[in-house]
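**Student:**
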Amino acid sequence: MSSGELRDLTDENLIERFQNTKNGACFAEIFRRHKRTIHRRCLAVLRDDAAAEDLTQDTFVTAFTKIDLFRGGTFYAWLCTIARHLCLNHLKATAVVRDSPTNRPDEVPGIAKSAREARAVDDVRAVLKELSAPQRTCLKLFYMEGYSYREIAKLTGRSEKEVKTHLQNGRRRFELVWENIQKGVQAP
Amino acid sequence: MRDDRWQDDLRAVAKTKGECPDTDQLVSFLTGELAAKDSEKITRHVAACGVCDALLERMQGFDDPMAWLDADRRLTERFNGFLGRLRRPVFSVLRHAWLAYLIALMLIYPAYRGLVLPAKHQASPPASPLPAFESAKILRLDATRSASVSAMALTERDKVFILSFFVPIKTDSRYSAAIEDGLAKIIATPTEISSYDSQGNFYLICDRHLFTGGQYVLVVKEFGRDSREFRFPFTL
Chain A
649 MSSGELRDLT DENLIERFQN TKNGACFAEI FRRHKRTIHR RCLAVLRDDA AAEDLTQDTF
709 VTAFTKIDLF RGGTFYAWLC TIARHLCLNH LKATAVVRDS PTNRPDEVPG IAKSAREARA
769 VDDVRAVLKE LSAPQRTCLK LFYMEGYSYR EIAKLTGRSE KEVKTHLQNG RRRFELVWEN
829 IQKGVQAP
Chain B
14 MRDDRWQDDL RAVAKTKGEC PDTDQLVSFL TGELAAKDSE KITRHVAACG VCDALLERMQ
74 GFDDPMAWLD ADRRLTERFN GFLGRLRRPV FSVLRHAWLA YLIALMLIYP AYRGLVLPAK
134 HQASPPASPL PAFESAKILR LDATRSASVS AMALTERDKV FILSFFVPIK TDSRYSAAIE
194 DGLAKIIATP TEISSYDSQG NFYLICDRHL FTGGQYVLVV KEFGRDSREF RFPFTL
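Protein chains in written order, with our numbering: chain A, 649 to 836; chain B, 14 to 249.
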């Protein structure tokens, strides 16, 4: 079958042919169609061209080797799911794993110790909702997890300068909203 | 005095986060494939976990066309920056005046060699095809040209003389020359000759002592398809 005829087929028809005949030209056509969009998506997440390139290749290699697991539906969505998994694993691998003060074994997760703490948790959650996403993330990583500027920069894909700016603005905003809430709560 | 209790409260929230969900759960959460109960559980965890929040925030770029454009822009900027770094050293070299002069001189010198020195060569006389026999007398036997001379007077000082003649040669033929005296006796045996200009002009250098004076004939034979013969009579 010529490449011109392959181009007229849908993704799903190509994959069906590939599953039945193992004809590499069918998968090559799929790769040609989607490599650019998958690469752009990976790049948008990782912000690193070399890593995005690697993960794009890995996505198609995984799809190629596990093609029998594809049970119909939209093939492109399946590709995206594979790429999401790979991106998330890559990000987790680059994140610094540490035993932060909040992860100690003597702590009982999910249970606050006192009524004051329970109220504080609600307050903090309410305040965090008032912050922008970058401010909230930087603040959590810095104060909750104890990450350094450099580690936060690495994990969030931002520069250290940007991290410092988000932390500074986030802290100012947090204090302001938190004090207002405290005053409101304490007022009779 | 600053109230830093909010930092303690933040840490208190972190204590409530529990175990981080695995990659499958996070991907399902992102694509909205989780049950409402599980989804809410992850939402509560993410609210208390900086790492998962950061991961999810970054993963949002996967489905955000604006993030794709931003990624493209970053790539373009980095590429332009790379080109800029390539260009900069080349032009920064020219900031050093002495280096610029050196480069200019290196470019000018070949031009000087090409333009000025050939003029000196032109001043010298054109090379003669027979530089060793400049003083020898030349007898022109070319009958096809009006300036032909068939007689020449030689003195005792002339050791050699030169016969100059023209033959309409063919490129695929060879030629030989011999000289006969008035009695058709060969006094100079046939010798293969070739035109010095490839146009049919020949010089033949002759030893004066072989010739006693009188009538002679230069016989040029062609060896080829036609085998022509050319005869040039001359008198000494």
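For every residue, glycine included, the Cβ atom is placed at its ideal position computed from N, Cα and C.
Among B/G45, B/S177, B/D21, B/A49, whose alpha-carbon lies nearest the alpha-carbon of B/S207?
**Tutor:** Within the second sequence, numbered from 1, the residue matching residue 207 of chain B stands at position 194. It is B/S177 whose Cα lies nearest to the Cα of B/S207.
**Student:** Under a three-way DSSP split, which group does B/A197 fall into?
**Tutor:** Counted from its first residue, the second sequence places residue 197 of chain B at position 184. DSSP places B/A197 in coil when its eight states are reduced to three.
**Student:** I need the DSSP call for B/R153, collapsed to helix, strand or coil.
**Tutor:** On the second sequence, position 140 is the one that residue 153 of chain B refers to. In this structure, B/R153 counts as strand in the three-state DSSP scheme.
**Student:** Can you confirm whether the stretch 715-727 of chain A touches the stretch 689-706 of chain A when touching is taken to mean that 3 or more C-beta pairs between the two stretches lie within less than 8 angstroms?
**Tutor:** The stretch 689-706 of chain A makes no contact with the stretch 715-727 of chain A, as fewer than three CB pairs between them are under 8 angstroms.
**Student:** Are there three or more Cβ pairs, one per stretch, closer than 8 angstroms when the stretch 63-82 of chain B is compared with the stretch 684-698 of chain A?
**Tutor:** Touching, per the Cβ criterion.
**Student:** Using CA atoms only, rank isn't needed, just tell me which of B/E169, B/V173, B/L128, B/A190 is closest to B/K150.
**Tutor:** Here residue 150 of chain B corresponds to residue number 137 of the second sequence, with the count starting at 1. Cα-wise, what sits closest to B/K150 is B/V173.
**Student:** In three-state terms, what does DSSP make of B/K234?
**Tutor:** As a first step, residue 234 of chain B must be located in the second sequence, where it is residue number 221. Three-state DSSP puts B/K234 in a strand.
**Student:** Counting pairs of Cβ atoms below 8 angstroms between the stretch 47-57 of chain B and the stretch 664-683 of chain A, do you hit three or more?
**Tutor:** no
**Student:** Taking all protein chains shown into account, decide if B/H109 is buried (16 or more other Cβ within 10 angstroms of its Cβ) or exposed.
**Tutor:** Mapped onto the second sequence, residue 109 of chain B falls at position 96. Looking at its Cβ environment, which holds fewer than 16 other Cβ atoms inside 10 Å, B/H109 is exposed.
**Student:** Step through the CB atoms of chain B and report whether any lies within less than 8 angstroms of the CB of A/F718.
**Tutor:** The residue you call residue 718 of chain A lines up with position 70 of the first sequence. Chain B, which has no Cβ nearer than 8 angstroms to the Cβ of A/F718, makes this no.
**Student:** From the DSSP output, in three-state form, read off B/L167 for me.
**Tutor:** Here residue 167 of chain B is taken as the residue at index 154 of the second sequence, counted from 1. Three-state result, B/L167: coil.
**Student:** Could you spell out the range, first to last residue, of the beta strand (DSSP E) harbouring B/E242?
**Tutor:** The residue you call residue 242 of chain B lines up with position 229 of the second sequence. If you look at B/E242, you'll find it in the beta strand (DSSP E) that goes 242-248.
**Student:** For the stretch 26-46 of chain B, which residues have a beta carbon sitting closer than 8 angstroms to at least one beta carbon of chain A?
**Tutor:** V26, A27, K28, T29, K30, G31, E32, T36, D37, L39, V40, L43, T44
**Student:** If you draw a straight line from the alpha carbon of A/E810 to that of B/T36, how long is it in whole angstroms?
**Tutor:** Residue numbering aside, residue 810 of chain A sits at position 162 when the first sequence is read from its first letter. Residue numbering aside, residue 36 of chain B sits at position 23 when the second sequence is read from its first letter. Their backbone Cα atoms lie some 27 angstroms apart in a straight line.
**Student:** 8 angstroms is my cut-off, CB to CB: does B/D51 come that close to chain A?
**Tutor:** As a working mapping, residue 51 of chain B is identified with position 38 in the second sequence. No, its Cβ sits nowhere closer than 8 angstroms to a Cβ of chain A.
**Student:** Mind pulling the chain A residues with CB within less than 7 angstroms of B/F75?
**Tutor:** Taking the second sequence and counting its residues from 1, one reaches residue 75 of chain B at position 62. What B/F75 touches in chain A: R689, A692, V693, R732, C735.
**Student:** Just the C-alpha distance for A/T813 and A/R655, rounded to the nearest angstrom, thanks.
**Tutor:** Counting from one through the first sequence, the residue named residue 813 of chain A turns up at place 165. Counting from one through the first sequence, the residue named residue 655 of chain A turns up at place 7. In this structure, the straight-line span from the alpha carbon of A/T813 to that of A/R655 is close to 49 angstroms.
**Student:** Give every residue of the same chain whose Cβ lies closer than 6 angstroms to the Cβ of B/E242, excluding the five residues on either side of it in the sequence, and list them in chain order.
**Tutor:** Within the second sequence, residue 242 of chain B is the residue found at index 229, counting from 1. Within the same chain, B/E242 has close Cβ partners K234.
**Student:** From B/R170 to B/K183, what does the alpha carbon distance come to, in whole angstroms?
**Tutor:** Against the second sequence, residue 170 of chain B aligns to sequence position 157. Against the second sequence, residue 183 of chain B aligns to sequence position 170. Taking the straight line joining both Cα atoms gives about 38 angstroms.
**Student:** What does DSSP give as the partner residue(s) for B/L217 in the beta ladder?
**Tutor:** Here the question's residue 217 of chain B lines up with position 204 in the second sequence. DSSP, once it has assigned bridges, lists B/L176 as partnering B/L217.
**Student:** Does any CB atom of chain B fall closer than 8 angstroms to the CB of A/W726?
**Tutor:** For the purposes of this step, residue 726 of chain A is taken as the residue at position 78 of the first sequence. False, the Cβ-Cβ gap to chain B never drops below 8 angstroms.
**Student:** Looking at the unbroken alpha helix (DSSP H) that takes in A/Y645, where does it start and where does it end?
**Tutor:** Since the first residue shown for chain A is 649 and the last is 836, residue 645 of chain A is missing from the structure and cannot be characterised.
**Student:** Got a sec? Which residues, its chain only, sit under 6 angstroms from B/V230 by beta carbon, not counting five neighbours each side?
**Tutor:** Locating residue 230 of chain B in the second sequence gives position 217, where the first residue counts as 1. Its chain contains E193, R244, P246 as the residues whose beta carbon lies nearer than 6 angstroms to that of B/V230, once the 5 sequence neighbours on both sides are disregarded; these appear in chain order.
**Student:** Could you list which residues in chain A have their beta carbon closer than 9 angstroms to that of B/L96, in chain order?
**Tutor:** Locating residue 96 of chain B in the second sequence gives position 83, counting from the first residue. None at all; the shortest Cβ gap to chain A is about 15 angstroms.
**Student:** The alpha helix (DSSP H) spanning A/R719 covers which residue range?
**Tutor:** Taking the first sequence and counting its residues from 1, the one referred to as residue 719 of chain A is at position 71. No alpha helix (DSSP H) holds A/R719; DSSP gives it neither H nor E.
**Student:** Could one say the Cβ of B/E90 lies closer than 8 angstroms to chain A's Cβ atoms, at least one of them?
**Tutor:** As a working mapping, residue 90 of chain B is identified with position 77 in the second sequence. By this cut-off, B/E90 is not an interface position.
**Student:** Going by beta-carbon coordinates alone, are A/F679 and A/F666 separated by less than 8 angstroms?
**Tutor:** In the first sequence, residue 679 of chain A corresponds to position 31, counting from 1. In the first sequence, residue 666 of chain A corresponds to position 18, counting from 1. No, the Cβ-Cβ distance between A/F679 and A/F666 is not below 8 angstroms.
**Student:** Run through chain A and tell me which residues come within less than 8 angstroms of B/G127, C-beta to C-beta.
**Tutor:** Taking the second sequence and counting its residues from 1, the one referred to as residue 127 of chain B is at position 114. Correct list: empty, because the minimum Cβ distance to chain A is about 49 angstroms.
**Student:** Please state if the CB of B/S189 and the CB of B/E205 are separated by a distance shorter than 8 angstroms.
**Tutor:** Here residue 205 of chain B corresponds to residue number 192 of the second sequence, with the count starting at 1. Here residue 189 of chain B corresponds to residue number 176 of the second sequence, with the count starting at 1. Result yes, Cβ atoms of B/E205 and B/S189 sit closer than 8 angstroms.
**Student:** Would A/G832 and A/L779 be called neighbours here (beta carbons separated by less than 8 angstroms)?
**Tutor:** Translated into positions along the first sequence, residue 832 of chain A becomes position 184. Translated into positions along the first sequence, residue 779 of chain A becomes position 131. No, the Cβ-Cβ distance between A/G832 and A/L779 is not below 8 angstroms.
**Student:** Given that A/R655 touches chain B, what residues does it touch there, using C-beta distances under 7 angstroms?
**Tutor:** To locate residue 655 of chain A, count along the first sequence from 1; it is residue 7. Going along chain B, no residue has its Cβ under 7 angstroms from A/R655, so there is no contact; the nearest lies around 24 angstroms.
**Student:** Measuring alpha carbon to alpha carbon, tell me which residue in A/T658, A/A763, A/T707, A/T713 is nearest A/L736.
**Tutor:** Taking the first sequence and counting its residues from 1, one reaches residue 736 of chain A at position 88. Cα-wise, what sits closest to A/L736 is A/T707.
**Student:** Using a Cβ-Cβ cutoff of less than 7 angstroms, which residues in the same chain neighbour B/A61 once the five nearest sequence positions on both sides are dropped?
**Tutor:** The count along the second sequence starts at 1 and reaches residue 61 of chain B at position 48. Contacts found: V26, A27, T29, K30.
**Student:** Please look up how many angstroms separate the CB atoms of B/I175 and B/I218, rounded, as I've assumed it's under 8 angstroms.
**Tutor:** Within the second sequence, residue 175 of chain B is the residue found at index 162, counting from 1. Within the second sequence, residue 218 of chain B is the residue found at index 205, counting from 1. Going by Cβ atoms, the distance from B/I175 to B/I218 rounds to 6 angstroms, so yes, they are a contact pair.
**Student:** Does the beta carbon of B/D185 sit closer than 8 angstroms to a beta carbon anywhere in chain A?
**Tutor:** As a working mapping, residue 185 of chain B is identified with position 172 in the second sequence. Not an interface residue.
**Student:** For A/Y795, which of A/T704, A/A743, A/H687 has the nearest alpha-carbon?
**Tutor:** Mapped onto the first sequence, residue 795 of chain A falls at position 147. Each of A/T704, A/A743, A/H687 was checked against the Cα of A/Y795, and the nearest Cα belongs to A/A743.
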